[in-house]
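**Q** Residue numbers (our numbering): 853 to 1144.
Even for Gly, the Cβ is constructed at its ideal location relative to N, Cα and C.
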Amino acid sequence: MKSKRMALPVYSSMASTLSIATDWWEEVNESAAWQNRIFYFLSALFGLVSTFACIQYIRVEYRVPEFGWTTQKVFLLLNFLVNGVRSIVFACRRSVQKISPEIFQHMLLDMPALAFFTTYALLVLLWAEIHGMAQGICTDGLRPVFCKINAVVYAAQIFLWLLVWWKPIAVIIALAKIFFAGVSLLIAAGFLLYGGRLFLMVQCFSAESYGRQKKLQEVGYALATCFICFLIRCVMICFNAFDKAADLDVLDHPVLNLVYYLLVEILPAAIVLYVLRTLPPKRGIKLYQPIN
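(1) In or out: Pro953 buried (at least 16 other Cβ within 10 Å) or exposed?
(2) Is the CB-CB distance between Ser902 and Phe932 below 8 Å?
(3) When DSSP labels each residue in this structure, what does Gly832 get in the three-state scheme?
(4) Quick one: using the 10 Å Cβ neighbour count with 16 as the cut-off for buried, is Cys999 buried or exposed?
(5) If you count every other CB in all the chains shown that lies within 10 Å of the CB of Phe1094, and 16 or more means buried, which is it?
(6) If we ignore side chains and look at the alpha-carbon of each, how far apart do Ala1003 and Gln887 end up?
(7) I need the straight-line Cα distance from Leu929 to Ala905, nearest angstrom please.
(8) If you follow the alpha helix (DSSP H) that Gln1069 is part of, which residue opens it and which one closes it?
(9) What are the start and end residues of the alpha helix (DSSP H) that includes Glu1117?
(10) Identify which residue in Pro917, Glu879, Gly920 and Leu978 has its Cα closest to the Cα of Leu1128.
(11) Could you check which residue in Met1088, Ile890, Cys1081 and Ser947 has the C-alpha nearest to that of Ile1039?
(12) Nearest to Leu1100 by alpha carbon, out of Phe1051, Gly920, Leu961 and Val912?
(13) Can you say whether Lys854 is buried or exposed, counting buried as having 16 or more other CB atoms within 10 angstroms of its CB?
(14) Is it true that the CB of Val1005 sits closer than 8 Å to the CB of His958?
(15) Look up Trp979 in the DSSP assignment and say whether it is helix, strand or coil.
(16) Please state if the CB of Arg945 and the CB of Phe898 are separated by a distance shorter than 8 Å.
(17) Pull up the CB-CB distance for Val1111 and Thr1077, whole angstroms please, since I reckon it's below 8 Å.
(18) Quick one: using the 10 Å Cβ neighbour count with 16 as the cut-off for buried, is Pro1133 buried or exposed?
(19) Going by Cα to Cα distance, which pick from Val1116, Val926 and Val1107 is closest to Ile885?
(20) Since Gln1153 is in the alpha helix (DSSP H), which residue starts that stretch and which ends it?
(21) Is the separation between the beta-carbon of Glu981 and that of Thr991 shorter than 8 Å?
(22) Mapping the DSSP letters down to three states, classify Tyr1019 as helix, strand or coil.
(23) Counting along the chain, where does the alpha helix (DSSP H) carrying Ala1190 start and finish?
(24) Should Gly993 go down as buried or exposed, given a rule of 16 or more other Cβ atoms within 10 Å for buried?
(25) Taking the CB atoms as reference points, tell me whether Phe968 and Val934 lie closer together than 8 Å.
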């Protein structure tokens, strides 16, 4: 009897805390001032990541200008562009919501996500090439496959946009979002497969090998970060497709937008750019192949 009496205040306290949190969530979501603050904050964060990627690109270009367009340079340039566009979109988020027809809103919000997919698929390609060359396997066919996969993804997305424009019913809109979830799952699987292979290959090197531990940490951190971020993106987009309370393309879900973009784009991009900040050697063996 005594334990039951003690439990009642605990449950009452938990219910009170939950009620306060719910009220705060609703107040923030419905406040235009809070919406603007959060969207401007996201814009600033994306701008910082874009600036960091630009600085990294300039450093690499200054270090090895003779290598031309390498995979590393393209990866950094795409990071600069993707995060820069995201920064502009969130800075003008309220104006974007007023664009008509509505399909152009979807395009402005979804195109950076597609470019984000291409950017990190490029990192998977880089790892696959490194693993293949280390194993003595011909990697000439990887880049054409990379281009074909991207072409199929972009063509399918354009088709879905046209379909939503022609007939914007709930089923087609949900299908377009599920497609994005599938793309995210595909890239997560790519990171697990090729990143995992590269990690195991580096782990097999002799413990005395120069730079082994550093490379092991770099690949491990980047692999874990990217795999988890794309898996979270996949799950959250599935919720977004079937639950209006999880809709990301509206103004009155700023907290959800903050959590989502922090987890699936800003933090992963910042961590990967920091982990892969090492500059290539000035002279010696060509570790980077120019993109022709």
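**A** Considering the structure as presented:
(1) exposed
(2) yes
(3) One cannot answer for residue 832 here, as it falls past the ends of the chain, which runs 853 to 1144.
(4) exposed
(5) exposed
(6) 36 Å
(7) 7 Å
(8) Arg1064 to Phe1094
(9) Segment: none, Glu1117 is in no alpha helix (DSSP H) and carries neither H nor E.
(10) Leu978
(11) Cys1081
(12) Leu961
(13) With a pLDDT of 48 at Lys854, under the threshold of 50, the modelled position of this residue cannot be trusted, and the question is left open.
(14) no
(15) helix
(16) no
(17) Rounded, the Cβ-Cβ distance is 17 Å, inconsistent with contact.
(18) exposed
(19) Checking the sequence, you will find Ala at residue 885 rather than Ile. Comparing Cα-Cα distances from Ala885 to each of Val1116, Val926 and Val1107, the minimum goes to Val1107.
(20) The structure shown has nothing for residue 1153, since the chain only spans 853 to 1144.
(21) yes
(22) Checking the displayed sequence, the identity of residue 1019 turns out to be Lys instead of Tyr. The answer is coil: DSSP assigns Lys1019 none of H, G, I, E or B.
(23) Nothing in the structure corresponds to residue 1190, since the chain is present only between 853 and 1144.
(24) exposed
(25) yes
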